[in-house]
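Following: one structure in structure tokens, then a few remarks.
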Amino acid sequence: MKRQTGTRMTRRDFAWLRMDGDRNLMVINSVLLFAGPLDLQRLKSTIAQRLPNYPRFTEVVRTRWGVPYWVKDDTFDIDAHIEHLPVAGVTSRDALQALVSRMALAPLADNRPLWHMSVIDRVEGGHAIVFRVHHCITDGLGLVHVLRHLTDDTDTHGAALPARRDHPHWSVGARSPACFVLGAGLSWLKVAYHIARLAVLPFDARTRLKHKMAGAKQLVWLPPIALWQVHDLARKMGATINDVWVAAVSGALRTYLLERGEKVDEGTLRAAVTFNLREKSNAFQLGNEFGLVAVALPTDVASPLERLRLSSARMNAIKRSHQPRATMAFLSIAGALPRALQRLALNLFTSKGSVVLTNIEGPASTRFLAGARMTDVICWVPQAGMIGVGLALISYAGQMQLALFVDQAMVPDPERLMALTHDAFEELGRETGSGLDVRQRRSA
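Each residue of the sequence shown is one higher than the last, beginning at 238 in our numbering.
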């Protein structure tokens, strides 16, 4: 029998593969909502034609002498990865949230490629696809590239290939400034300094978000916010959408903890915020090219405008530092350690924070999958180590979708925290005079 050699897996991606725990799975969970009925065979045909253009979706991970490889799955079967879940009646948003929360607890089968789609009919007049991908395959930016490749910009879907700009075989990579900087000796010294600094970072505020995880998860979301409103607010204040996002989450966490009797003014919470280090033109290569930066959230500040000012200042300081590259380098180092040592190092880092925040730039225009119009994209960020709360923002077709993924021991009422996050955006809108108002969309 011919021995399959495969492609060597990066140590950073290997670290993500081994990061699965009994309380946290390293799986990116997403829901794609569509208008109208679904042609299941057309969907399977489209996925079967386009997804294999990314080899990792038809490969399994195997190790030889401790070295991980991506190896072609000779038994790959599209029917094993696309499951149809017929329902007796109409599936409401609450019922869909409950279903996705149960799915999020199940690990992906490790004897086949690490992704799965569940198709659900009759979801409030349309249908839904629950798309689960292990983080070792790619990060958020890479997953958006995959989504663009799977979909079309019109509903006239046929047998033809998608547009060249969305096809991984026709994409042209760019030299990554991050890799260039990491290759320089001086930069490596700065990276080492930041790794050491993160290791000795003091713990953040001891709140209910530090409770021991139960392992029971809940995923929630609310109707989207108009992206242009948030963009106008950010531009008016000389900030970025990410700054506004960090400030709004800080305000929501502050109110949530105050309502539960926590002393929020005595210390700040720290968030692990994802920081992209990849050129967009390289997204077709998949893998993980981002760092996690430790940001002190201004949860001890009562003024919304001051929270925005501090969020912007702290994020700008991190952008000028080597901290994002340091944490990316740390993951590469962790992937070369024995599994027990990797877990120990990961717990040391994650014990310094309380939440994970991510901001993903999705497709700017409406997309169609197998002829069906995609109305919403919702994505949840997994948490690692000792962190059990994750908030994600993803933009799509002029709207901004917020989603929350929590361990119920820490946040037993995630709908309340999600509503407070929307309230925090509205509060910033009032304080800045930008007119941001999400009430109409929330009741839609």
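Just so you know, even glycine gets a beta-carbon here, dropped at the ideal spot from N, CA and C.
Source: prediction; values computed, not measured.
Can you tell me where the alpha helix (DSSP H) with Asn266 in it begins and where it stops?
As a working note, residue 266 is residue 29 in the sequence shown. That residue, Asn266, is in no alpha helix (DSSP H); its beta strand (DSSP E) goes 264–272.
Please confirm whether Arg260 and Gly528 have their CB atoms less than 9 Å apart.
Residue numbering aside, residue 260 sits at position 23 when the sequence shown is read from its first letter. Residue numbering aside, residue 528 sits at position 291 when the sequence shown is read from its first letter. No, the pair does not count as a contact, with Cβ atoms beyond the cut-off.
Determine the burial state of Ala421: buried for a count of at least 16 other Cβ atoms within 10 Å of its Cβ, exposed for fewer.
Along the sequence shown, one-based indexing puts residue 421 at 184. In this prediction, Ala421 scores a pLDDT of 45, lower than 50, which makes its location untrustworthy; the coordinate-derived value is nonetheless stated afterwards. Under this definition Ala421 is an exposed residue.
Using the C-alpha atoms, what's the distance from Arg562 back to Ala415?
Mapped onto the sequence shown, residue 415 falls at position 178. Mapped onto the sequence shown, residue 562 falls at position 325. Because Ala415 carries a pLDDT of 49, less than 50, the predicted location of this residue cannot be relied on, and the following value inherits that uncertainty. Near 7 Å, if we compare the C-alpha coordinates of Arg562 and Ala415.
Can you tell me where the beta strand (DSSP E) with Val510 in it begins and where it stops?
As a first step, residue 510 must be located in the sequence shown, where it is residue number 273. Its beta strand (DSSP E) spans residues 506–513.
In its own chain, which residues sit with a C-beta less than 7 Å from the C-beta of Leu583, not counting the 5 before and 5 after it?
Taking the first residue of the sequence shown as position 1, residue 583 is located at position 346. Here the set comprises Met256, Ala571, Ala621, Gly622.
Alpha carbon to alpha carbon, how far is Gln466 from Val614?
Here residue 466 is taken as the residue at index 229 of the sequence shown, counted from 1. Here residue 614 is taken as the residue at index 377 of the sequence shown, counted from 1. It is roughly 19 Å from the alpha-carbon of Gln466 to the alpha-carbon of Val614.
Out of Cys616, Val592, Ser632, state which residue places its alpha-carbon closest to the alpha-carbon of Ser602.
Residue numbering aside, residue 602 sits at position 365 when the sequence shown is read from its first letter. Per the Cα distances, Ser632.
Going by CA-CA distance only, name the one from Ala661, Trp253, Ile265, Ala343 that's closest to Pro305.
Translated into positions along the sequence shown, residue 305 becomes position 68. The candidate whose alpha carbon is nearest that of Pro305 is Trp253.
Are there 16 or more other CB atoms within 10 angstroms of the CB of Ala396, so buried, or fewer, so exposed?
Translated into the one-based positions of the sequence shown, residue 396 becomes position 159. Residue placement at Ala396 is flagged as unreliable, the pLDDT there being 47, under the threshold of 50; the coordinate-derived value follows with that caveat. By the 10 Å Cβ count, Ala396 comes out exposed.
Between the C-alpha atoms of Leu398 and Asp537, what's the straight-line distance to the nearest angstrom?
Numbered from its first residue, the sequence shown carries residue 398 at position 161. Numbered from its first residue, the sequence shown carries residue 537 at position 300. Unreliable positioning characterises Leu398 in this predicted model, as indicated by a pLDDT of 49, which lies under 50. The coordinate reading is nonetheless provided below. If you take the alpha carbons of Leu398 and Asp537, they lie about 52 Å apart.
Tell me, please, which residues DSSP counts as bridged to Cys616.
For the purposes of this step, residue 616 is taken as the residue at position 379 of the sequence shown. DSSP lists Ser267 as partners of Cys616.
Spatial neighbours of Trp482 within its chain, please: CB distance less than 6 Å, with the 5 preceding and 5 following residues excluded, ordered by chain position.
The residue you call residue 482 lines up with position 245 of the sequence shown. Cβ neighbours of Trp482 beyond the five flanking positions: Asn596, Leu630.
Helix, strand or coil for Val643 per DSSP?
Locating residue 643 in the sequence shown gives position 406, counting from the first residue. It is a strand residue.
Element boundaries [alpha helix (DSSP H), containing His386]:
Along the sequence shown, read from residue 1 onward, the residue named residue 386 stands at position 149. First-last of the alpha helix (DSSP H) with His386: 377–387.
Out of Met647, Glu668, Asp250, which one is the CA nearest neighbour of Lys449?
Along the sequence shown, read from residue 1 onward, the residue named residue 449 stands at position 212. Here the closest residue by C-alpha is Met647.
Reducing DSSP to helix, strand and coil, say where His364 ends up.
As a working note, residue 364 is residue 127 in the sequence shown. In the structure shown, His364 sits in a strand (DSSP, three-state: E or B).
Is the stretch 457–472 close to the stretch 487–503, with three or more CB pairs under 8 Å?
no
Which residue marks the beginning of the alpha helix (DSSP H) containing Ser632, and which one marks its end?
Against the sequence shown, residue 632 aligns to sequence position 395. No alpha helix (DSSP H) holds Ser632; the beta strand (DSSP E) holding it covers 626–633.
Using only the alpha-carbon positions, how far apart do Phe684 and Ile357 sit?
Coverage of the chain is limited to positions 238 through 681, which leaves residue 684 absent and any answer about it impossible.
Could you check the C-alpha separation between Leu639 and Arg248 for me, to the nearest Å?
Here residue 639 refers to the residue found at position 402 when the sequence shown is read from its first residue. Here residue 248 refers to the residue found at position 11 when the sequence shown is read from its first residue. Approximately 31 Å, taken between the alpha carbons.
Roughly how far, in whole angstroms, is the beta-carbon of Ala509 from the beta-carbon of Val593, given that I think they are within contact range, below 8 Å?
Sequence index remark: in the sequence shown, residue 509 carries index 272 (1-based). Sequence index remark: in the sequence shown, residue 593 carries index 356 (1-based). Right, their Cβ atoms sit about 5 Å apart.
Please check the pair Ser549 and Ala476, which I expect to be a contact at CB under 8 Å, by giving their CB distance rounded to whole angstroms.
Residue mapping note: residue 549 aligns to position 312 of the sequence shown, counting from 1. Residue mapping note: residue 476 aligns to position 239 of the sequence shown, counting from 1. About 4 Å; that satisfies the 8 Å criterion.
In chain order, what residues of the same chain have a beta carbon less than 6 Å from the beta carbon of Leu628, not counting five sequence neighbours either side?
Your numbering for residue 628 matches position 391 in the sequence shown. Correct list, in chain order: Val486, Leu594, Leu641.
Ignore the nearest five residues each way along the sequence and tell me which others in Phe251's own chain have a CB closer than 6 Å to its CB.
Residue 251 sits at position 14 when you count from the first residue of the sequence shown. Sequence-distant partners of Phe251 (beyond 5 residues in either direction) whose C-beta falls short of 6 Å from its own C-beta, in its chain, are Pro305, Gly572.
Is the stretch 312–327 in contact with the stretch 345–359, if contact means three or more CB pairs nearer than 8 Å?
yes
Smallest Cα separation from Pro292: which of Thr511, Gln522, Glu668?
Reading the sequence shown from its first residue, position 55 is the one you call residue 292. The alpha carbon of Pro292 has as its nearest neighbour, out of Thr511, Gln522, Glu668, the alpha carbon of Gln522.
Is the distance from the Cβ of Thr612 to the Cβ of Leu270 below 9 Å?
Position 375 of the sequence shown holds residue 612. Position 33 of the sequence shown holds residue 270. Contact: yes.
Assuming Val337 and Met655 form a contact by the criterion Cβ under 8 Å, report the distance between their Cβ atoms to the nearest whole angstrom.
As a working mapping, residue 337 is identified with position 100 in the sequence shown. As a working mapping, residue 655 is identified with position 418 in the sequence shown. In this structure, Val337 and Met655 do not form a Cβ contact; the two beta carbons are roughly 14 Å apart against a cut-off of 8 Å.
Leu275 versus Thr587, Arg349, Ala661, Leu606, residue with shortest Cα-Cα distance:
Along the sequence shown, one-based indexing puts residue 275 at 38. Cα-wise, what sits closest to Leu275 is Leu606.
Identify whether Trp302 lies in helix, strand or coil by the three-state DSSP scheme.
Here residue 302 corresponds to residue number 65 of the sequence shown, with the count starting at 1. DSSP places Trp302 in coil when its eight states are reduced to three.
Are the beta-carbon atoms of Asn513 and Leu378 separated by less than 9 Å?
What you label residue 513 is simply residue 276 of the sequence shown in a count that begins at 1. What you label residue 378 is simply residue 141 of the sequence shown in a count that begins at 1. Yes; because the gap between Cβ atoms is below 9 Å, this pair is in contact.
Euclidean distance between Cα positions of Cys373 and Leu333
Locating residue 373 in the sequence shown gives position 136, where the first residue counts as 1. Locating residue 333 in the sequence shown gives position 96, where the first residue counts as 1. Computed Cα separation, rounded: 26 Å.
With distance defined between alpha-carbon atoms, name the residue in Asp660, Gln286, Asn266, Arg245 nearest to Trp617.
Within the sequence shown, the letter at position 380 stands for residue 617. Trp617 has its Cα closest to that of Asn266, out of Asp660, Gln286, Asn266, Arg245.
Helix, strand or coil, according to DSSP, for Ser623 in the structure here?
Taking the first residue of the sequence shown as position 1, residue 623 is located at position 386. Position check: residue 623 holds Met in this sequence, whereas Ser was assumed. Reduced to three states, the DSSP call for Met623 is coil.
Using CA atoms only, rank isn't needed, just tell me which of Val264, Arg544, Glu526, Pro619 is closest to Ala661.
Sequence index remark: in the sequence shown, residue 661 carries index 424 (1-based). The closest CA to that of Ala661, considering only Val264, Arg544, Glu526, Pro619, is found on Arg544.
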